[in-house]
Amino acid sequence: MTTELAEKELEKKYNKLVGTAASNMCAHCGWCIDSCHVYQASHDPEVSPVAKAEHVRRVYKKSHDWMSKIFPSWTGARKLTDEELEKWVKLAYRDCTLCERCVVNCPMGVETPQLIAAARAALAAQGKAPEILTQLADMAISREENAELYKDFFLEQIKEIEKQLQSYMGTPEATIPVDKEGVRILYVPLSGAHTILPEAIIFNAAGESWTLSMFEASNYGVFLGDSVKAKRIAERIINEAKRLKVKEVVLTECGHAYTTMRWEAPKWFGGPLPFRVRNIIEVLDEYIRDNRLKFDPAKNSEPVTYHDSCNLGRKGGLLEEPRRVLRAIAQDFREMTPNRLQSLCCGGGSGLVAIAEWSEDRIKAGKPKADQIRATGAKVVVTSCDNCRHQITELNEHYNLGIKVTSLCELAVQALVLPQPMSATSDNH
Amino acid sequence: MFSDGFVHFAEYELQIIALSWLCLLYIVKIFQLSRLPMLRENAPRKGSAIAGALRSYSSMFMPWSMESSRKHLYRWVEFGAYHVGAGIAILNTFTSPFAPGIMTEPVRWAFAILIAPAFFFGLVKLARRITRPEIRLISTPDDYFALASVEVYFFTAIMALLINNPLWRTIYFLITAAFLFYVPFSKISHYVYFFFAALFTGSRYGWRGVRPPVRRQTE
Chain A
1395 MTTELAEKEL EKKYNKLVGT AASNMCAHCG WCIDSCHVYQ ASHDPEVSPV AKAEHVRRVY
1455 KKSHDWMSKI FPSWTGARKL TDEELEKWVK LAYRDCTLCE RCVVNCPMGV ETPQLIAAAR
1515 AALAAQGKAP EILTQLADMA ISREENAELY KDFFLEQIKE IEKQLQSYMG TPEATIPVDK
1575 EGVRILYVPL SGAHTILPEA IIFNAAGESW TLSMFEASNY GVFLGDSVKA KRIAERIINE
1635 AKRLKVKEVV LTECGHAYTT MRWEAPKWFG GPLPFRVRNI IEVLDEYIRD NRLKFDPAKN
1695 SEPVTYHDSC NLGRKGGLLE EPRRVLRAIA QDFREMTPNR LQSLCCGGGS GLVAIAEWSE
1755 DRIKAGKPKA DQIRATGAKV VVTSCDNCRH QITELNEHYN LGIKVTSLCE LAVQALVLPQ
1815 PMSATSDNH
Chain B
130 MFSDGFVHFA EYELQIIALS WLCLLYIVKI FQLSRLPMLR ENAPRKGSAI AGALRSYSSM
190 FMPWSMESSR KHLYRWVEFG AYHVGAGIAI LNTFTSPFAP GIMTEPVRWA FAILIAPAFF
250 FGLVKLARRI TRPEIRLIST PDDYFALASV EVYFFTAIMA LLINNPLWRT IYFLITAAFL
310 FYVPFSKISH YVYFFFAALF TGSRYGWRGV RPPVRRQTE
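Chains as they are written, first to last, in the working numbering: chain A, 1395 to 1823; chain B, 130 to 348.
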């Protein structure tokens, strides 16, 4: 077996961030060790952030560090072998969710996830990435290539959701526009009505000028570590937004989709995108600030807590927006401890939730999050990321948390006071 | 034991040669690092990159800001004492030969008292590296050697400060010079990379409004 493609990809990823993290930057002090949820759940020294990063760091050192080039055994440096690459599969895709909690707890600011992301890229290049992630990324690309085939089926589905919307809002004027040019917002959902119907209710109630995207927001190319596929998937939405001449792209409650489009895509495409990029949480926060929507928090009287998605919060900067929305729509909002920047990963991030053969490991790694949820005494857990939602739903079943897991928009709709003509039949739902 | 000429050479010429070597190699390293590509944040910003970088540089002075130091305050005290001791020992390599006038007995004692806890915590760190499986797993010969050699450096610094005779002073400066020759190749260089890492990581978090947090996007 050869590791040539992986080595080439590793070299491509050797930028300032990776170079710094791979140099003699890490003092091996161990401060990061217990910041990792995977380590917290298992106490296995092999899965600590520094131990995982060392696998990649030592390979980089072999070709970039002066001492390691001459005396590799002195620094533990080694060449990339097929056997080593096999070990990377689990450490990069199973034992690390790229949550960055280790970064904010490192006294030196070592970007461990950059090394793990480089490992993912190398594995993807060598054809060793989990098959399901590759398939999901390829499916997303083929959806654009065969857009006409999908379109009729998609429109049929949307018509069904639109009927539910009209019934909920009590007016046939409530619509889900698709492919509408010149509107303010292009809203990009995930596949499934749960990220379309609540948002459609919110947009209609706020009187927003919007249209629904033909594509789903998720980007499995990012999870895979395949930058070519990731760019290709992001490009579908960028092209659609340009074609429809929208002013902004609003992404659904999906952590990585937001971080990808808001922060990473402008890097990939060499500059700011020709439209504003926001998350639906920010839009909801704006509607509340501008009094465009009215809520009755008494309709959400059960204790509610919020799980910060790593991508939205620590990597994306959306820390206060969801909290302002929650205070407006729920009566009893309780924080988890720790939260915001120090929030624990749910254990299912960065594509892990899609990989069935590692579900047991994923549930085990979610134990610290389950304990954190239980400690709040909350009956409802809100999370603005579908990956987290899936994982926390499974944690609920496995650890008997007795909670309901929902999204911010769904909870908001529950407390929404519809404008008078629209509320005629909404009480029936 | 050592001739006056050799003592003088160890304190002055050798130090200058060793320091020049260190500087030269760091310049090369920094040049190599600066030539690497950097994917800059070029999405419209939410916060301030400068505030983020400053926050990143200062986080070590705010133990409450990181869970890793908040939960393990001992670690932070150990970290602080160790690095203060290291700083004083390095400062002494300049003040002793180049500003002997300020190195009065009380100052020498004060320096020694500040280096002593670093020496003690260095032993604790070494013991931890050997006994704790999660730390042993990530340790390399370079880690053990770096810790052990810094311990020798601290010890000779304390002896040179307290006894202050030509023998200990010469040993101390010979160790210092050997150290300066070795450091660019060792993990002890982490302090140089820290300035880059704190800048890169801090400015990214700052730009994105993560740290320091930005309450609302103004666009």
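All C-beta atoms in this analysis are idealised placements derived from N, C-alpha and C, irrespective of residue type, glycine included.
Run through chain A and tell me which residues come within less than 7 Å of Ile259 (chain B), C-beta to C-beta.
In the second sequence, the residue the question calls residue 259 (chain B) occupies position 130. Going along chain A, no residue has its Cβ under 7 Å from Ile259 (chain B), so there is no contact; the nearest lies around 13 Å.
Contacts around Ile298 (chain B), its chain only, beta-carbon distance under 6 Å, and the 5 residues preceding and following it disregarded:
Counted from its first residue, the second sequence places residue 298 (chain B) at position 169. Per the sequence presented here, residue 298 (chain B) reads as Arg, with Ile not at that position. These residues qualify, in order along the chain: Ala289.
Sort B:Gly338, B:Ala306, B:Glu170 by Cα distance to Leu143 (chain B) and report the nearest one.
Taking the second sequence and counting its residues from 1, the one referred to as residue 143 (chain B) is at position 14. Answer by Cα proximity: B:Ala306.
Secondary structure of Pro1507 (chain A), DSSP reduced to three states
Along the first sequence, read from residue 1 onward, the residue named residue 1507 (chain A) stands at position 113. Three-state result, Pro1507 (chain A): helix.
Counting only the same chain and skipping the five closest in sequence on each side, list residues whose C-beta sits under 6 Å from that of Ala1818 (chain A).
Against the first sequence, residue 1818 (chain A) aligns to sequence position 424. In this predicted model, Ala1818 (chain A) has a pLDDT of only 47, less than 50, meaning its place in the structure is not dependable; the value taken from the coordinates is given anyway. Closer than 6 Å at the Cβ level, and outside the excluded window around Ala1818 (chain A), lie Gly1564.
Classification of Cys1803 (chain A) by the beta-carbon crowding that lies within 10 angstroms, buried from 16 upward:
Stepping through the first sequence from its first residue, residue 1803 (chain A) is reached at position 409. Buried, by the Cβ-count rule.
3 or more residues per run - each beta strand (DSSP E) lying fully within the region 1488-1555 of chain A
none
Alpha carbon to alpha carbon, how far is Val236 (chain B) from Leu296 (chain B)?
Locating residue 236 (chain B) in the second sequence gives position 107, where the first residue counts as 1. Locating residue 296 (chain B) in the second sequence gives position 167, where the first residue counts as 1. Going from the Cα of Val236 (chain B) to the Cα of Leu296 (chain B) covers about 20 Å.
Measure from the C-beta of Ser1703 (chain A) to each C-beta in chain B and report whether the shortest distance is under 8 Å.
To locate residue 1703 (chain A), count along the first sequence from 1; it is residue 309. It does not; no Cβ of chain B falls within 8 Å.
Suppose you measure from the CA of Gly379 (chain B) to the CA of Ala1692 (chain A); what does that come to, to the nearest Å?
Outside the shown range of chain B, which is 130 to 348, sits residue 379 (chain B), and nothing can be said about it.
Could you tell me whether the Cβ of Ile267 (chain B) comes closer than 8 Å to any Cβ of chain A?
Taking the first residue of the second sequence as 1, we reach residue 267 (chain B) at position 138. Taking Cβ atoms only, chain A reaches closer than 8 Å to Ile267 (chain B), which makes this a yes.
Along the region 1405-1428 of chain A, where does the CB come closer than 9 Å to a CB of chain B? Name the residues.
Tyr1408, Asn1409, Lys1410, Leu1411, Val1412, Gly1413, Thr1414, Ala1415, Ser1417, Asn1418, Met1419, Cys1420, Ala1421, His1422, Cys1423, Gly1424, Trp1425, Cys1426, Ile1427, Asp1428
Ser1607 (chain A): contacting residues in chain B (beta-carbon distance under 9 Å):
Sequence index remark: in the first sequence, residue 1607 (chain A) carries index 213 (1-based). Here the premise fails: no neighbours, minimum Cβ distance about 19 Å.
Report buried or exposed for Asp1459 (chain A), applying the criterion of at least 16 other Cβ atoms within 10 angstroms of its Cβ.
Taking the first sequence and counting its residues from 1, the one referred to as residue 1459 (chain A) is at position 65. Per the 10 Å Cβ criterion, buried.
Length-filtered (3 minimum) beta strand (DSSP E) runs lying within the region 1680-1743 of chain A:
1697-1701, 1726-1728
Distance CB(Ala1651 (chain A))-CB(Ala1611 (chain A)) smaller than 8 Å:
Here the question's residue 1651 (chain A) lines up with position 257 in the first sequence. Here the question's residue 1611 (chain A) lines up with position 217 in the first sequence. It is a contact, given that the beta carbons lie within the stated cut-off.
Going by DSSP in three states, Ile1674 (chain A) sits in which element: helix, strand or coil?
Here residue 1674 (chain A) refers to the residue found at position 280 when the first sequence is read from its first residue. Helix, per DSSP.
Environment of Asp1679 (chain A) [buried if 16+ CB atoms lie within 10 Å]
In the first sequence, residue 1679 (chain A) corresponds to position 285, counting from 1. Its Cβ being crowded by 16 or more others within 10 Å, Asp1679 (chain A) is buried.
Using a Cβ cut-off of 8 Å, which residues of the region 1441-1475 of chain A contact any Cβ in chain B, in chain order?
Ser1442, Val1444, Ala1445, Glu1448, Trp1460, Met1461, Ser1467, Trp1468, Thr1469, Gly1470
Nearest to Lys316 (chain B) (by Cα), restricted to the options A:Val1747, A:Met1419, A:Arg1721, A:Trp1752:
One-based indexing of the second sequence puts residue 316 (chain B) at position 187. Looking at the Cα atoms, A:Met1419 is the closest of the given residues.
DSSP three-state label for Ala1818 (chain A), please.
By 1-based counting over the first sequence, the position of residue 1818 (chain A) is 424. Summary for Ala1818 (chain A): the model assigns pLDDT 47, below 50, so the residue's position carries little reliability; its value from the coordinates is reported in the next sentence. The answer is coil: DSSP assigns Ala1818 (chain A) none of H, G, I, E or B.
Please work out which residues of its chain come closer than 8 Å, Cβ to Cβ, to Ile300 (chain B), disregarding the five sequence neighbours upstream and downstream, and give them in chain order.
Start at 1 with the first residue of the second sequence, and residue 300 (chain B) comes out as number 171. If we look at Ile300 (chain B) and ignore the five residues flanking it on each side, its Cβ neighbours are Thr285, Met288, Ala289.
Distance, Ser268 (chain B) Cα to Ala1447 (chain A) Cα:
Here residue 1447 (chain A) refers to the residue found at position 53 when the first sequence is read from its first residue. Here residue 268 (chain B) refers to the residue found at position 139 when the second sequence is read from its first residue. Distance between the alpha carbons of Ala1447 (chain A) and Ser268 (chain B) is about 13 Å.
Can you name, in chain order, every residue of its own chain whose Cβ lies under 7 Å from the Cβ of Arg1717 (chain A), other than the five neighbours on each side?
Here residue 1717 (chain A) refers to the residue found at position 323 when the first sequence is read from its first residue. Same-chain partners within the cutoff: Tyr1700.
Going by beta-carbon coordinates alone, are Pro1666 (chain A) and Pro173 (chain B) separated by less than 8 Å?
Looking up residue 1666 (chain A) in the first sequence gives position 272. Looking up residue 173 (chain B) in the second sequence gives position 44. In this structure, Pro173 (chain B) lies closer than 8 Å to Pro1666 (chain A) by Cβ.
Does any CB atom of chain A fall closer than 8 Å to the CB of Arg340 (chain B)?
Working through the second sequence from its first residue, we reach residue 340 (chain B) at position 211. True, the Cβ-Cβ gap to chain A drops below 8 Å.
Assuming Glu1647 (chain A) and Ser1753 (chain A) form a contact by the criterion Cβ under 8 Å, report the distance between their Cβ atoms to the nearest whole angstrom.
Looking up residue 1647 (chain A) in the first sequence gives position 253. Looking up residue 1753 (chain A) in the first sequence gives position 359. Between Ser1753 (chain A) and Glu1647 (chain A) the Cβ distance is about 22 Å, and since that is not below 8 Å, they are no contact.
Output, in chain order, the set of chain A residues within a Cβ distance shorter than 8 Å of Pro295 (chain B).
Here residue 295 (chain B) refers to the residue found at position 166 of the second sequence. Against chain A, a Cβ distance below 8 Å from Pro295 (chain B) picks out nothing, because the smallest value is about 34 Å.
List, in chain order, every chain A residue whose beta-carbon is nearer than 8 Å to that of Pro262 (chain B).
The residue given as residue 262 (chain B) occupies position 133 in the second sequence. By Cβ distance, chain A contributes Pro1439.
Residues, ordered as in the chain, of the region 322-341 of chain B that lie near chain A by beta-carbon distance below 9 Å:
Tyr322, Phe323, Phe325, Ala326, Ala327, Leu328, Phe329, Thr330, Gly331, Arg333, Tyr334, Trp336, Arg337, Gly338, Val339, Arg340
Can you tell me whether Leu1406 (chain A) is helix, strand or coil according to DSSP?
Taking the first sequence and counting its residues from 1, the one referred to as residue 1406 (chain A) is at position 12. First, the amino acid is wrong: residue 1406 (chain A) is Lys here, not Leu. The answer is helix: DSSP assigns Lys1406 (chain A) an H, G or I state.
Opening and closing residue of the alpha helix (DSSP H) in which Glu1448 (chain A) lies
As a first step, residue 1448 (chain A) must be located in the first sequence, where it is residue number 54. Residues 1443-1458.
Closest to Leu162 (chain B) by C-alpha separation, out of B:Ala326, B:Ser332, B:Tyr334, B:Val339, would be which residue?
By one-based count along the second sequence, residue 162 (chain B) stands at place 33. Measuring from the Cα of Leu162 (chain B), the nearest candidate turns out to be B:Ala326.
Alpha carbon to alpha carbon, what distance is there between Arg1672 (chain A) and Leu1687 (chain A)?
Numbered from 1 along the first sequence, position 293 holds the residue referred to as residue 1687 (chain A). Numbered from 1 along the first sequence, position 278 holds the residue referred to as residue 1672 (chain A). A straight line joining the alpha-carbon of Leu1687 (chain A) with that of Arg1672 (chain A) spans about 18 Å.
So who's on the other strand from Ile1579 (chain A), going by DSSP bridges?
Indexing the first sequence from 1 puts residue 1579 (chain A) at position 185. Ile1579 (chain A) is bridged to A:Trp1604, A:Glu1642.
Within chain A, partners of Glu170 (chain B) - CB distance below 9 Å:
Position 41 of the second sequence, counted from the first residue, corresponds to residue 170 (chain B). In chain order: Trp1657, Pro1660, Lys1661.
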